[in-house]
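First the structure, in the form of structure tokens, and then the observations on it.
Protein chains: 2
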Amino acid sequence: MESIVTMAKAEQTGSYKGSEKLRPEEMIYHEMLDAILDRRLEPGMKLVEEDLAKTFGVSRARIRATFLQLAHDKLINLVPNRGAFVSEPTIDEAIEVFSARRMIEDGVVRKVATNMTDERAAQIKTHLDREHDAHHRGDHRAAIILSGEFHLLLARLSGNLVIEEFLERLILRTSLIIAMYESPQPVDCSHTEHDQLLNALLSGDGDVAAAEMSRHLDAIRDRLQLQRPKPGKTDFASIFGRMPTSEAS
Amino acid sequence: MESIVTMAKAEQTGSYKGSEKLRPEEMIYHEMLDAILDRRLEPGMKLVEEDLAKTFGVSRARIRATFLQLAHDKLINLVPNRGAFVSEPTIDEAIEVFSARRMIEDGVVRKVATNMTDERAAQIKTHLDREHDAHHRGDHRAAIILSGEFHLLLARLSGNLVIEEFLERLILRTSLIIAMYESPQPVDCSHTEHDQLLNALLSGDGDVAAAEMSRHLDAIRDRLQLQRPKPGKTDFASIFGRMPTSEAS
DNA sequence: GCTGACATGATTGTTAACAATTTTGCATGC
DNA sequence: GCATGCAAAATTGTTAACAATCATGTCAGC
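Going line by line, the protein sequences match chains Y and C.
If you read the first sequence in the numbering used here, its first letter stands for residue 3, the second for the next number, and so on.
If you read the second sequence in the numbering used here, its first letter stands for residue 3, the second for the next number, and so on.
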């Protein structure tokens, strides 16, 4: 199965097969990234260096370097002498990430709205077509990827590489949050919201665009179930609704 | 001599001597950070792993880990098989960093302005007093530190840890840019601009505060000499004003 | 005199072994 | 039965040695 991230990169560059030529270090980073965002590695799970080293056929040193990168993106937690654990973003953290995105992306769409050109509008429309396409095909996976890419596209159009890179990390973090807190029946109705965003951008009014982006991000956040986290492996008490007792008395 | 960063941390926590209890890894990171921001390590300078390892009395592995951190903050450049080099932010990068800060900090002051309380105003005023103090004492070094801390304080008051951390990195990057491009006679008149910012914040009007912050950041940028970078060690052509020829003919 | 191959030295990249720490399992005592 | 302490296993942290790569200096050839 293709990975979320390599697929996303392929969407950017337009060549999917080429992504296999990534340097091994990046390969491992992306593989772990995918596994985390796919919840194949569940939040809270311990990541043992040697196991991963064997799995990828590299030395522990490389795994440790990869850990540093992932920890910097807040996707794993590094505890001295204890090891690495997949991040379990708290509800408060989740809210802060969305709040941060609002602050950043408000500024982004303000810039994009006031600097809109026909070519850029066409770029956005092309992307929205792909989103609709994926949605009508029922390709939920691609829809999720493209949804994130949409926000990244706007950041790129704002013309600031610093913001773009930062937002990329924030979007990854958001993906982990969504994976952890999404409601049982996933709702990817965001593509219609993206349409509305384009309209707002085309109005050329920065305030209108910023308001629309805020509404959109709040909507994503509010679709999550930020009250009760999906229980992790270790949270037996909430799984069974009671504390453990002996089975046969 | 105290380091810029540990001094800054001390300002935050209120206890300077305690900063010596940092774990060795953080110690090394901060020492290198300081050296870069102080220009004891000049932009473009090669950082040899073994030399640094000997200097700090640690193994190369630790130095490599520190390199990853610094590279993530864009303070050094990591070139495969070639090594680590102190970053030489280009003029375009510098402009982008200031632009990114404008986007972020506009949002920050909007939030702070609309959520101002007496206590927060007092916090800011206390900080400004310290800035003025340093300035009147002629303590240029402390003035620079406190100037950066001012922006960080506003980010903290905005109540978003994600933004605060990101801005912290951006401020470090700005410090390197200033160190690289500052005009011959350093102008730290920014403390009066900070006063104006406080006034704008007290107005409670987000638009006013954002405009003031934009003006302030633009002013800092415009005080730099972003046309001609201060020549690095290797730029002999610009040092001597001509290309090398044989000395005795 | 200049260019390019080649050998040498310096530096980074990688691996494996060792040390320190934490976790786990078990026995002991209350 | 439960807590406490101890020993063993697992895991992380660190170091040193080796391999691969790159930079530098030398020398032959034009």
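The beta-carbon is built from N, C-alpha and C at its ideal position, and this holds for glycine as well.
Since this is a predicted model, take the numbers as computed values, not measurements.
Item	Value
Spatial neighbours of Y/I30 in its chain, beta-carbon cut-off 6 Å, leaving aside the 5 residues before and after	F58, T68
Cβ neighbours of C/L228 in the same chain (closer than 8 Å, five flanking residues each side left out)	I93, A96, I97, Y183
Per-residue DSSP class, three states only, for Y/V210	helix
Range of the contiguous alpha helix (DSSP H) that encloses C/N201	192-204
Within chain C, the residues that Y/S101 reaches when beta carbons sit closer than 7 Å	N162
Under the three-state DSSP convention, the category Y/V60 falls into	coil
Residues that C/L72 contacts on chain Y, provided the C-beta gap is smaller than 9 Å	Ordered by position in chain Y, no residue passes the 9 Å Cβ test against C/L72, which lies about 11 Å from the chain.
Distance between C/N201 and C/L159 (C-alpha atoms, nearest Å)	16 Å
Boundaries of the beta strand (DSSP E) in which C/G150 is found, first to last residue	No beta strand (DSSP E) holds C/G150; the alpha helix (DSSP H) holding it covers 142-159.
Contact with chain Y by C/G208, beta-carbon distance below 8 Å	no
Coarse secondary structure for Y/L178, derived from DSSP in three states	helix
Option nearest C/E52 by Cα separation, candidates C/A37, C/R175, C/F100, C/G85	C/G85
Residues near C/G206 in its chain [Cβ-Cβ closer than 8 Å; skip 5 each side]	A115, T116, M118
Whole-number beta carbon distance between C/E90 and C/G161, since they are thought to touch under 8 Å	Actually they are not in contact, since the Cβ atoms of C/G161 and C/E90 sit about 36 Å apart, beyond 8 Å.
Three-way DSSP call (helix, strand, coil) for C/L77 in this model	coil
Straight-line Cα distance separating Y/T176 from Y/N79	16 Å
Selected residue, minimal CA-CA separation from Y/Q198, among Y/N83, Y/I165, Y/A221	Y/A221
Residue of Y/K56, Y/L35, Y/S61, Y/K76 minimising C-alpha distance to Y/F168	Y/K76
Bridge partner(s) assigned by DSSP for C/K127	For C/K127, which the question treats as bridged, DSSP gives no partner whatsoever.
Beta-carbon gap between C/S216 and C/D108 smaller than 8 Å	yes
Sequence-distant residues of the same chain with beta carbon closer than 8 Å to Y/A73, five excluded per side	N79, L80, A86
Residues bridged to Y/V88 (per DSSP)	Y/I78
Contacts around C/Q125, its chain only, beta-carbon distance under 8 Å, and the 5 residues preceding and following it disregarded	L155, L159
Cβ pair C/A102, Y/I179 closer than 8 Å	no
8 Å Cβ cutoff, C/I173 in contact with chain Y	no
Any chain C beta carbon closer than 8 Å to Y/G109	yes
Sequence-distant residues of the same chain with beta carbon closer than 7 Å to C/F152, five excluded per side	H129, E133, H196
Exposure of Y/A144, with buried meaning 16 or more beta-carbon neighbours within 10 Å	buried
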